[in-house]
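Enquirer:
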Amino acid sequence: MIESAVALLRLLLGLGGVFVLGYACLVMLVPRPRDFTCGERLAFSFGVGVLPLTLWMLALTWWGRPFSLGLIAGPPLALAALLLLTPRGRTALRAEIRGLRFRRPRLAGWDWLFLGLLALVFLYAVPRAALYPVWAWDAVAIWGCKAKIFYAARGLDLACIDAHNYYPNLVPLLLSYLYFCLGQVNDYLVKAVFPLWGGLLLTLLHSLARRLGLSRRQALGLTTFLALNGTVFIVHLYIAYADLLLAFYALGGAGLLYLWLANHAPRGSLNLAACCLAGLAWCKYEGPPLAATLILAAGLTLIWLRPGRWVRRLVHLAVPLAGLAAGYLPWRLFMAQQSLEIGSDHIQSFYPHQMVQAVGYLLSGLANPFYFGFLWPALALALIFSGQSLWRSPRLFLALFVGGNLAAIILAYAVAPTAPSEFPAYVRATLDRLLLHIAPAASLLLALGLQDADPVPAAPRPGPTD
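Each residue of the sequence shown is one higher than the one before, starting from 381 at the first, in the working numbering.
#1: Which of the three DSSP states is assigned to N549 in this structure?
#2: In the structure shown, what three-state DSSP assignment does I522 receive?
#3: Buried or exposed for H733, going by 16 or more other Cβ atoms inside 10 Å?
#4: Does T434 pass the burial test, meaning 16 or more other C-beta atoms within 10 Å, or should it be called exposed?
#5: Any idea what DSSP makes of F447, helix, strand or coil?
#6: Less than 8 Å between the CB atoms is what I'm expecting for A821 and L631, so what's the real figure, rounded?
#7: By Cβ distance, which residues of its chain are closer than 6 Å to L776, with the 5 residues on each side in sequence left out?
#8: Output the distance between the C-alpha atoms of Q737 and A819, rounded to the nearest integer angstrom.
#9: Quick check on DSSP: helix, strand or coil for W486?
#10: Can C663 and A622 be called in contact, C-beta distance under 7 Å?
#11: Would you identify the three-state DSSP class for Q737, choosing helix, strand or coil?
#12: Between which two residues does the alpha helix (DSSP H) harbouring D623 extend?
#13: In three-state DSSP terms, what is K664?
#14: So, at 7 Å on beta carbons, what are the nonlocal neighbours of P513 in its own chain, with the 5 sequence-adjacent residues on each side left out?
#15: In chain order, what residues of the same chain lie with their CB nearer than 6 Å to the CB of A499, ignoring the 5 residues before and after it?
#16: Would you identify the three-state DSSP class for G396, choosing helix, strand or coil?
#17: Does the Cβ-Cβ distance between L602 and A827 come in under 7 Å?
#18: Alpha carbon to alpha carbon, how far is L553 from F530?
#19: Are L401 and G427 close, meaning C-beta to C-beta below 7 Å?
#20: Classify W756 as buried or exposed, calling it buried when 16 or more other Cβ atoms lie within 10 Å of its own Cβ.
#21: Taking C-alpha atoms, which residue in L440, A796 and P687 lies nearest to L772?
#22: Return the CA-CA distance between P548 and F730, expressed in angstroms with no decimal places.
#23: Sorted by chain position, which residues of the same chain lie with C-beta nearer than 7 Å to F714's C-beta, five sequence neighbours on each side aside?
#24: From this set, D812, A702 and W640, which residue's C-alpha is nearest A747's C-alpha?
#25: Helix, strand or coil for S744, going by three-state DSSP, please let me know.
#26: Between F765 and P669, what straight-line distance do the alpha-carbon atoms span, to the nearest angstrom?
#27: Exposed or buried, T673, counting other C-beta atoms within 10 Å across all chains shown (16 or more means buried)?
#28: Report the rounded CA-to-CA distance for S384 versus F605, giving the unit in angstroms.
#29: CA-CA distance, G396 and V520?
#30: Note down the Cα distance separating H817 from G659, rounded to an integer number of angstroms.
#31: For G615, which option in S448, F781, A505 and A645 has the closest C-alpha, if you only look at C-alpha atoms?
#32: Counting only runs of 4+ residues fully inside the segment 760 to 805, write out the alpha helix (DSSP H) ranges in chain order.
#33: Would you tell me roughly how many angstroms separate the C-alpha atoms of L406 and A387, rounded to the nearest one?
#34: Alpha carbon to alpha carbon, how far is I675 from V695? Give it in angstroms, no decimals.
#35: Can you give the Cα-Cα distance for G783 and I382, rounded to whole angstroms?
#36: Report buried or exposed for E666, applying the criterion of at least 16 other Cβ atoms within 10 angstroms of its Cβ.
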């Protein structure tokens, strides 16, 4: 019992270190962190903190330094302390301390119902994650296998891995860091990081929905709607796949870029969006195309709408583009240095018959209540009723991002080198995850439809910045 309590404490301290590192980076990235809500600061602190920590582990391997907890966590946390001791850091901490007061929320019946349903989701998912070992295929063969090898080898040893060893390594490096925090391989406790990611994703969705003009009740309803629609989101709270992280970064990048296009973004939002795009690129093989789609959709929206200073704002998209490069290039350079080849299992040739089949499978998946319930049909109705505002407002950006990635799914299946008999099984094994990547961002588009149907006076928001 005592050993379990100590292990849990060590895990919490390890996760706390990520939050501290991420908050220190947040202080440097945005002029006034408290322009973001408490939920946004929590979500972005963890999402941002994971990036320098895992990239630092990549750098240690590059320099030939074997992993140890002190070497992994010591320099990043020392840097975090230095950043928080700067005038800007001290100002942010004083603001946080002054803001530490409990305000009892005024919740009514529907609010309590939504919160109760969300609580039930996590009362199921957290024990399911922490009481079962890593078991699903990708979790065992790719992410979990790499994490154990990195822990045992004290570095990124890919010599004995032949399952997508060219994949980016944010997830296995994060898991191996938690192994070092625990002092052993423990597949049970470390899986608690996945419901944490899910909780932060829902928190971020709620906060972004509030910024889009939804009332608290509407935002809670939307968040509950995403969490409980179908089974995909709930399963990924404990399945130990990288796709939940990809969905988190895609939501953050899409939400921040939309607010920036709509002139409602807090100062520093483009810097945070750059971190989200870096996370996409460093998280999974599908991440760089998702990040590139975000930048492309934002650029096309500016060109189509031509708001004031639109050419200058096009230039500002170099900031998230730099974030994409920061998450993509270190791993590619490391692969070149290690002579690792990119696998050809995703792109080889073009198969027209698979493209035709993929259209049918995608439409079936969008309407499948087992996947995401009524999310996609509800989004289709919201787009129909949005009318001209769809292409005369920044919501065009979200529509382009979601629609572009649905088209990209069809294209990806058209170039997948699978035997005709295996293609249906390949789609069944991957389609739900590909839809999960964009489902939270699609929920933002649905939120705008809710705002059209039942407008709520929005609180004053910061003006155009960046």
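Note that the Cβ used here is the ideal one computed from N, Cα and C, for glycine as well.
Expert: Short version:
#1: For the purposes of this step, residue 549 is identified with residue 169 of the sequence shown, where counting begins at 1. Residue state, collapsed to three classes: coil.
#2: Taking the first residue of the sequence shown as position 1, residue 522 is located at position 142. It is helical.
#3: In the sequence shown, counting from the first residue as 1, residue 733 sits at position 353. That one is exposed.
#4: Residue mapping note: residue 434 aligns to position 54 of the sequence shown, counting from 1. T434 is buried by the Cβ-count criterion.
#5: Stepping through the sequence shown from its first residue, residue 447 is reached at position 67. When DSSP states are grouped into helix, strand and coil, F447 belongs to the coil group.
#6: Numbered from its first residue, the sequence shown carries residue 821 at position 441. Numbered from its first residue, the sequence shown carries residue 631 at position 251. Their Cβ separation, rounded to whole angstroms, is 5 Å, which keeps A821 and L631 in contact under 8 Å.
#7: The residue you call residue 776 lines up with position 396 of the sequence shown. Only T681 meet the Cβ criterion.
#8: Residue 737 sits at position 357 when you count from the first residue of the sequence shown. Residue 819 sits at position 439 when you count from the first residue of the sequence shown. About 22 Å.
#9: Within the sequence shown, the letter at position 106 stands for residue 486. The residue asked about is misnamed: residue 486 is Arg in this sequence, not Trp. Coil, per DSSP.
#10: For this step, residue 663 is matched to residue 283 along the sequence shown. For this step, residue 622 is matched to residue 242 along the sequence shown. If you check the CB distance, C663 and A622 come in under 7 Å.
#11: In the sequence shown, the residue the question calls residue 737 occupies position 357. In the structure shown, Q737 sits in a helix (DSSP, three-state: H, G or I).
#12: Numbered from 1 along the sequence shown, position 243 holds the residue referred to as residue 623. From DSSP, the alpha helix (DSSP H) with D623 extends over D623 to L641.
#13: Numbered from its first residue, the sequence shown carries residue 664 at position 284. In the structure shown, K664 sits in coil (DSSP, three-state: anything other than H, G, I, E or B).
#14: For the purposes of this step, residue 513 is taken as the residue at position 133 of the sequence shown. Taken in chain order, the residues that qualify are D567 and Y568.
#15: In the sequence shown, residue 499 corresponds to position 119, counting from 1. Here the set comprises nothing.
#16: Translated into the one-based positions of the sequence shown, residue 396 becomes position 16. In the structure shown, G396 sits in a helix (DSSP, three-state: H, G or I).
#17: Position 222 of the sequence shown holds residue 602. Position 447 of the sequence shown holds residue 827. Yes, Cβ-Cβ distance for L602 and A827 is below 7 Å.
#18: In the sequence shown, the residue the question calls residue 553 occupies position 173. In the sequence shown, the residue the question calls residue 530 occupies position 150. Taking the straight line from one Cα to the other gives about 7 Å.
#19: Taking the sequence shown and counting its residues from 1, the one referred to as residue 401 is at position 21. Taking the sequence shown and counting its residues from 1, the one referred to as residue 427 is at position 47. Not a contact, by the Cβ cut-off of 7 Å.
#20: Numbered from its first residue, the sequence shown carries residue 756 at position 376. By the 10 Å Cβ count, W756 comes out buried.
#21: Counting from one through the sequence shown, the residue named residue 772 turns up at place 392. Residue identity differs from the one stated: residue 772 is Arg in this sequence, not Leu. The shortest C-alpha separation from R772 is found at P687.
#22: Here the question's residue 548 lines up with position 168 in the sequence shown. Here the question's residue 730 lines up with position 350 in the sequence shown. Answer to the nearest angstrom: the Cα atoms are 25 Å apart.
#23: Numbered from 1 along the sequence shown, position 334 holds the residue referred to as residue 714. Correct list, in chain order: L438 and W442.
#24: The residue given as residue 747 occupies position 367 in the sequence shown. The shortest C-alpha separation from A747 is found at D812.
#25: Locating residue 744 in the sequence shown gives position 364, counting from the first residue. S744 falls in the helix class under three-state DSSP.
#26: The count along the sequence shown starts at 1 and reaches residue 765 at position 385. The count along the sequence shown starts at 1 and reaches residue 669 at position 289. Distance between the alpha carbons of F765 and P669 is about 30 Å.
#27: To locate residue 673, count along the sequence shown from 1; it is residue 293. It is buried - the Cβ of T673 has at least 16 other Cβ atoms within 10 Å.
#28: Looking up residue 384 in the sequence shown gives position 4. Looking up residue 605 in the sequence shown gives position 225. Those two C-alpha atoms are separated by around 35 Å.
#29: Numbered from 1 along the sequence shown, position 16 holds the residue referred to as residue 396. Numbered from 1 along the sequence shown, position 140 holds the residue referred to as residue 520. Spanning the two alpha carbons is a distance of roughly 26 Å.
#30: Here the question's residue 817 lines up with position 437 in the sequence shown. Here the question's residue 659 lines up with position 279 in the sequence shown. Those two C-alpha atoms are separated by around 13 Å.
#31: Here the question's residue 615 lines up with position 235 in the sequence shown. A small correction: the amino acid at residue 615 is Val; Gly does not occupy that position in the sequence shown. Of the listed residues, the one whose Cα sits closest to V615 is A505.
#32: 769 to 772 and 775 to 794
#33: Position 26 of the sequence shown, counted from the start, is the residue given in the question as residue 406. Position 7 of the sequence shown, counted from the start, is the residue given in the question as residue 387. In a straight line, the C-alpha of L406 is about 29 Å away from that of A387.
#34: Locating residue 695 in the sequence shown gives position 315, counting from the first residue. Locating residue 675 in the sequence shown gives position 295, counting from the first residue. The straight-line gap from Cα to Cα measures roughly 11 Å.
#35: The residue labelled residue 783 in the question sits at position 403 within the sequence shown. The residue labelled residue 382 in the question sits at position 2 within the sequence shown. About 52 Å.
#36: Here residue 666 refers to the residue found at position 286 when the sequence shown is read from its first residue. Buried, since its Cβ has 16 or more Cβ neighbours within 10 Å.
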